[in-house]
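Engineer: Just so you know, full-length UniProt numbering puts the end of the sequence shown at 281, numbered straight through with nothing missing.
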Amino acid sequence: MSRLRAVISLLLLLFAFTGATPLVNLDARATPTEVPTSSRRGVAYWDPTLVKYFDKPGSHVTWTYNWVSWTQPTNTWHEYVPILWSVDASHTYRWGDDVAAAAKHDLDSPTHLMGWTWHACSDGASCMTVSNAVAAWLTWVEPQRNLKAKMYLGTPMVVGDAKGLSSLEGFLKACASCTIDFVVVQWQGAATDVKGFKDYIDQVRRIANKRPIWVRDFYAVGKEEEVRLFLDQVMPFMDASDDIHRYSFKVAVPGEGLIDNNGDGLSRIGKYFAFQDTRWK
């Protein structure tokens, strides 16, 4: 009995330090399940009023994020995924409360978290060594797993180049005992380089070692028709891949991809991304 009390006391101290107070009794942690192919698409935004354009009958968009851990109301039903943009105090001071609020929003449904954007060393993002990344993970992200059984933790998002993949591989090896439920990556390239995109995913698969993959902020550079043809090939590819659970295109802002120039509706590319049907005209 004394040993049990000691263990309970240690757990209480841990939760007090991290702010990860359990919301439910955790008999066992649930494992991530594959997301249906029609529900994998997500939208990044800065202006929450634009999200409503993706909340229409027939839209396949199911989740959103804005690179931080809190949002103004979008007035839509989508799952909001908090991100720890950086480990600077300007972001960590509210991280625990924001994550707890997201978890409490629906105790029976999964809550997902994503780590920082790694090696994007501008605008306050995180540029750190592997050892520092592991330390940050153990301090700020790992404890959140205790909030509820369906609490799923995604790696820091690495940029889509050799340096990013090397950092991801080093992180997963150094953090082998960490709770890492899915791997988050990014890709940007020419709209004509479908092969390059698929080759990159194959490299990620090798590193992820059967973990689910989220392809975040992927973006193809090219003319409108080239981008449409790119999406016409890579979205069915990702939807048919058992290990790619979610993906999102470039941030939704007026005149840049998903939103029209006036900011009052979806662009042709935005409609194609959200609906992927005969709305492309």
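C-beta: ideal position from N, C-alpha, C; glycine also. Note that the structure is predicted; figures quoted are calculated from it, not measured.
Could you name each continuous beta strand (DSSP E) segment of 3 residues or more that falls completely within the stretch 190-226, going from the start of the chain to the end?
Structural biologist: DSSP runs (the beta strand (DSSP E)) wholly in the stretch 190-226: 213-221.
Engineer: With 16 other CB atoms within 10 Å as the buried threshold, where does residue 145 fall?
Structural biologist: Buried, because 16 or more other Cβ atoms sit within 10 Å of the Cβ of residue 145.
Engineer: Please go through the stretch 84-161 and give each complete alpha helix (DSSP H) segment of 4 or more residues, from N-terminal end onward.
Structural biologist: Qualifying alpha helix (DSSP H) stretches, in chain order: 89-105 and 130-136.
Engineer: Determine whether the Cβ of residue 185 lies closer than 8 Å to any Cβ atom of chain C.
Structural biologist: Annotation note: the requested chain C is absent from the structure, which comprises a single protein chain.
Engineer: So which of 138, 149, 134 and 193 has the shortest CA-CA distance to residue 174?
Structural biologist: Closest by alpha carbon: 134.
Engineer: Residues in its own chain within less than 8 Å of residue 294 by CB, not counting five upstream and five downstream?
Structural biologist: Nothing about residue 294 can be reported from this structure: the residues present for the chain run from 1 to 281 only.
Engineer: Alpha carbons only, please: which of 202, 80, 238 and 108 is nearest the one belonging to residue 44?
Structural biologist: That would be 80, whose Cα lies nearest to the Cα of residue 44.
Engineer: Would you check if there are 3 or more beta carbon pairs closer than 8 Å linking the stretch 264-278 to the stretch 74-90?
Structural biologist: Result no; under three Cβ-Cβ pairs closer than 8 Å.
Engineer: Kindly indicate which three-state DSSP category residue 337 falls into: helix, strand or coil?
Structural biologist: Lying before the first or after the last residue shown, residue 337 is absent from the chain, which here runs from 1 to 281.
Engineer: Short check: CB of residue 40 to CB of residue 219, under 8 Å?
Structural biologist: Contact: no.
Engineer: Quick one: what does DSSP say residue 241 is sitting in, helix, strand or coil?
Structural biologist: Three-state result, residue 241: coil.
Engineer: When you compare only the Cα positions, how much space is there between residue 222 and residue 272?
Structural biologist: About 16 Å.
Engineer: Does the separation of the CB atoms of residue 66 and residue 46 fall below 8 Å?
Structural biologist: Result yes, Cβ atoms of residue 66 and residue 46 sit closer than 8 Å.
Engineer: Could you pull the DSSP bridge partners for residue 274 from this structure?
Structural biologist: DSSP, once it has assigned bridges, lists no residue as partnering residue 274.
Engineer: Would the stretch 92-107 and the stretch 46-61 be scored as touching if the rule is three or more Cβ pairs under 8 Å?
Structural biologist: The stretch 92-107 vs the stretch 46-61: no contact.
Engineer: Apply the 10 Å Cβ neighbour rule to residue 276 and answer buried if 16 or more other Cβ atoms are within range, or exposed otherwise.
Structural biologist: Flag for residue 276 reads buried.
Engineer: Compute the Euclidean distance between the alpha carbons of residue 52 and residue 77, then round it to the nearest angstrom.
Structural biologist: Approximately 9 Å between the Cα atoms of the pair.
Engineer: Smallest Cα separation from residue 215: which of 224, 33, 238 and 64?
Structural biologist: Residue 238 is the option with its Cα nearest to residue 215.
Engineer: Excluding the 5 residues preceding and the 5 following residue 155 in the sequence, name in chain order all residues of the same chain whose CB lies nearer than 7 Å to its CB.
Structural biologist: Closer than 7 Å at Cβ, skipping near neighbours: 115, 168, 171, 180, 183 and 184.
Engineer: Can you check which of these residues, 195, 42, 213 and 136, is closest to residue 274 by C-alpha distance?
Structural biologist: Nearest C-alpha to residue 274: 42.
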